[in-house]
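Shown next, in structure tokens, is the structure this report addresses.
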Amino acid sequence: MNLAFKDACHAPARFALTSFGVAFLLTAVIGMVGLYRGVVEDALLIIERIDADLWVVQGERAGPFAEASAVAADVDRRVAGVPGVADVRRFSQFSQQFDFAGRMRRATVTGVDVPADDGRWLTLIAGRWLGAGRYEAVADAVTGLRIGDRVTLARDVYEIVGLTRGMVDSAGDGLLFVVINDATVIAQRRTSEEIHLARAAHGSSGAASADTSSVAQDSKIAAVLVRLDPAADHARVRAAIARWGDVAVLSTAEQRDLMLNARLWKLRLQILAFTLLILLITALVVSLIVYTMTIEKLHQIALLKLIGARERVVAGMIGQQAALIGFGGFLAAIGVSRLIFPLFPRRVVLLPSDLALLALLLAVICAVAAFVGIARASRVQAREVLS
Amino acid sequence: MSGAPVLSARGLTRHYASGAGVVRALDGVSFDIAAGELVGIFGPSGSGKSTFLMLAGLLERPSAGEVWLGGQRVSHAGVHLDGLRATRRRRIGFVFQRANLIPFLSAIENVALSLEIADVAPPDARHHARRLLEALDLAHRADSLPARLSGGEQQRVAVARALANGPPLILADEPTAALDSARSRQVMQLFRRIATTRGTAVAVVTHDPRSVDLFDRIVEFEDGRIKK
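Protein sequences, first through last, are from chains A and B.
The working numbering applies: residue 376 is where the first sequence begins, and numbers increase by one.
The working numbering applies: residue 1017 is where the second sequence begins, and numbers increase by one.
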């Protein structure tokens, strides 16, 4: 006869509510861990998917994800001439607000070097990749844009020709892919007054030559992505480029490290701290629940001892009840998580390994809680049944 | 008295230290209960009858003296009570003023639990428990939870539980105190029947004089001693 199960069935509503209490705490833990995983995954999306061996960024900078970076407009051609380089792509990324359907939207404009970049590192859920033409964009679904939508960026109208899912930056803003020249135009947008002031500052008459602007133009190319020949010596190529002095060269691993341990470090730390805090609260609550359930049953425990029950019968009842609460709470937490986290604005990633670790932690918490309850029960004397 | 002693108390003494000095709850009590004997233990409050039952039931350690069950010394001043759990399980059945049934188990489960604790297979335990309940006219209440049973029914389930392992000794402490006179008489008749038909030694601590006629023998306690 399973006493723990019988007791749970005797007051199912109470047991279910207790399990749900535990489940919601666990849901918070799963949510925090999932949010952490989501933030990391989002932050590393571009770095890991874009298929670059080296990132050439502004000299003495760690850009473009850790700090601002702008390389000269000819860097891509210079890098392409280095022995061992298979191909180069220009890259830029910046946040942009725009008005669409009467609402301000926000996206991270990502300039990709079409046709060098064929977009195969992206999975489209609808539409097509960017053609060689201008004024087209591929948007992530999270921006709220659809195929065929037209949005005004800077002074130009862009048509959405493709959609991605789950392509966001480290802040959770959806990516909006445009060709690199369009991205440069969008980034260089200035008001008329700014242009006048800039011309005045340079003493220009306003007559622009055919190949130079009358307004000083900073480069908006954040980085040049380099793919190496399979036989190329990474270190040699890297040293050759770095020797120029006006650029810095980072590997994908270094970009990854900069993103996680520089830009996201405090956020990661904060999420982990909260996760630990909730885990601690969960441990205390579960222990308290199991202990309270034991206290409520002291009379029955004394009776069991009176009729000669071995200590393991009592310990089994308390242990199984703790396990039932833990197991029930864990299952309910997974159910609730799968139900509500997809509705959250940021991605919450539920990894089987994280859930397994949480299950293990919960088992330890339940074991400790059961131990506390069993320790209390072991002090109960059979004669207490008469009190 | 019929047959060999099932319970023998030899100079049983229980002293408690209190602020006012030493309280002699039981002071050198000796007597035997034989198989098939129904003994009524009477006495005013504080006379030591419940203390005697605690010592005889191996729930407390005597300050001095010994408890013998079936010719074997089981308890004395230096005994480790936890080690007597198996002896209690096999040899003693308890019935108290309150039925002390486990609220989340049905009547039949409460009875079967005693058997399962004694390593009887669950189907056998359930089968035997049902037979016991039938014998006590409770077959129709077998699947009811204690909260749905009357006081008398609960007490009869408690008796069934005490009988489950076929112990040679049943100790009952005020088993009819919470019952009306009719129910009280029924329960005492039940003890009488158990002693007669099963040969069980039954000791009943009671204040209730209404069933005196059912006892084989009455032992009166006063100030921790048996009244001569």
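Every residue gets a Cβ at the ideal spot worked out from N, C-alpha and C, and that includes glycine.
By the 10 Å Cβ neighbour count, where 16 or more other Cβ atoms means buried, how is residue i classified, buried or exposed?
i, result
"alanine 1163 of chain B", "exposed"
"valine 1228 of chain B", "exposed"
"asparagine 1126 of chain B", "buried"
"methionine 479 of chain A", "exposed"
"alanine 744 of chain A", "buried"
"valine 739 of chain A", "exposed"
"lysine 641 of chain A", "exposed"
"aspartate 451 of chain A", "buried"
"asparagine 636 of chain A", "exposed"
"glutamate 442 of chain A", "exposed"
"glutamate 568 of chain A", "exposed"
"leucine 726 of chain A", "exposed"
"threonine 498 of chain A", "exposed"
"arginine 503 of chain A", "exposed"
"aspartate 417 of chain A", "buried"
"proline 439 of chain A", "buried"
"aspartate 1159 of chain B", "exposed"
What does a CB cutoff of less than 7 angstroms around residue i pick up in its chain, not counting 5 residues either side in sequence?
i, result
"serine 1024 of chain B", "Asp1048 and Trp1084"
"leucine 644 of chain A", "none"
"arginine 1201 of chain B", "Arg1226 and Ser1227"
"tyrosine 510 of chain A", "Asp531, Val532, Tyr533, Glu534 and Asp557"
"proline 720 of chain A", "Gly547"
"histidine 674 of chain A", "Val760"
Give every residue of the same chain whose Cβ lies closer than 6 angstroms to the Cβ of residue i, excluding the five residues on either side of it in the sequence, and list them in chain order.
i, result
"serine 1091 of chain B", "Leu1074 and Val1083"
"valine 487 of chain A", "Phe552"
"glycine 704 of chain A", "Ser394, Val397, Ala398 and Leu401"
"valine 1111 of chain B", "Ala1174, Val1175, Ala1178, Ala1188 and Pro1191"
"leucine 1230 of chain B", "Met1204 and Arg1208"
"lysine 680 of chain A", "Ala757"
"phenylalanine 475 of chain A", "Val526"
Does residue i have its Cβ less than 9 angstroms from a Cβ in chain A?
i, result
"leucine 1121 of chain B", "yes"
"serine 1200 of chain B", "no"
"isoleucine 1133 of chain B", "yes"
"serine 1066 of chain B", "yes"
"aspartate 1189 of chain B", "yes"
"isoleucine 1118 of chain B", "yes"
"proline 1139 of chain B", "no"
"phenylalanine 1207 of chain B", "no"
"serine 1034 of chain B", "no"
"alanine 1102 of chain B", "yes"
Let me see if you follow: with CB-CB separation under 9 angstroms, is residue i close to chain B or not?
i, result
"methionine 376 of chain A", "yes"
"isoleucine 645 of chain A", "Note that residue 645 of chain A is glutamine in the sequence shown, not isoleucine. Chain B contact via Cβ: absent."
"arginine 685 of chain A", "yes"
"leucine 678 of chain A", "yes"
"arginine 521 of chain A", "no"
"arginine 758 of chain A", "yes"
"cysteine 384 of chain A", "yes"
"lysine 641 of chain A", "no"
"glutamine 675 of chain A", "yes"
"isoleucine 682 of chain A", "yes"
"leucine 699 of chain A", "no"
"leucine 761 of chain A", "yes"
Give me the Cβ distance between residue i and residue j, rounded to the nearest whole Å; I'm assuming they're in contact under 8 angstroms.
i, j, result
"leucine 538 of chain A", "isoleucine 500 of chain A", "5 angstroms"
"lysine 595 of chain A", "alanine 546 of chain A", "So it is not a contact: roughly 20 angstroms between Cβ atoms."
"valine 1038 of chain B", "proline 1184 of chain B", "At roughly 34 angstroms, the Cβ-Cβ gap does not stay under 8 angstroms, so valine 1038 of chain B and proline 1184 of chain B are not in contact."
"glycine 751 of chain A", "tyrosine 666 of chain A", "Note that residue 751 of chain A is arginine in the sequence shown here, rather than glycine. Confirmed, Cβ separation roughly 7 angstroms."
"glycine 1086 of chain B", "leucine 1028 of chain B", "Actually they do not touch by this definition, with Cβ atoms about 17 angstroms apart."
Considering only residues of the same chain and omitting the five flanking positions on each side of residue i, which have a CB-CB separation below 8 angstroms?
i, result
"serine 584 of chain A", "Note that serine 584 of chain A scores 43 on pLDDT, short of 50, meaning its location in the model is unreliable and no value can be drawn from it."
"tyrosine 1032 of chain B", "Val1038, Val1039 and Ala1041"
What residue range is occupied by the uninterrupted beta strand (DSSP E) comprising residue i?
i, result
"glycine 502 of chain A", "499-502"
"isoleucine 749 of chain A", "From DSSP, isoleucine 749 of chain A is part of no beta strand (DSSP E) but of the alpha helix (DSSP H) over 727-753."
"aspartate 417 of chain A", "Per DSSP, aspartate 417 of chain A belongs to no beta strand (DSSP E); it is in the alpha helix (DSSP H), 387-424."
"glutamate 1150 of chain B", "No beta strand (DSSP E) holds glutamate 1150 of chain B; the alpha helix (DSSP H) holding it covers 1138-1151."
"leucine 625 of chain A", "622-626"
"phenylalanine 1047 of chain B", "1037-1050"
"glycine 486 of chain A", "478-487"
"valine 463 of chain A", "460-475"
"glycine 537 of chain A", "531-539"
"tryptophan 430 of chain A", "429-433"
Check for me: the alpha helix (DSSP H) holding residue i runs from which residue to which?
i, result
"leucine 1023 of chain B", "Where leucine 1023 of chain B is concerned, there is no enclosing alpha helix (DSSP H), although the beta strand (DSSP E) it sits in stretches over 1021-1034."
"glycine 1081 of chain B", "From DSSP, glycine 1081 of chain B is part of no alpha helix (DSSP H) but of the beta strand (DSSP E) over 1080-1085."
"threonine 1067 of chain B", "1065-1072"
"serine 1197 of chain B", "1197-1214"
Which residues in chain E have a C-beta closer than 7 angstroms to the C-beta of residue i? List them in chain order.
i, result
"valine 688 of chain A", "Within the model displayed, chain E is absent; protein chains A and B are what it includes."
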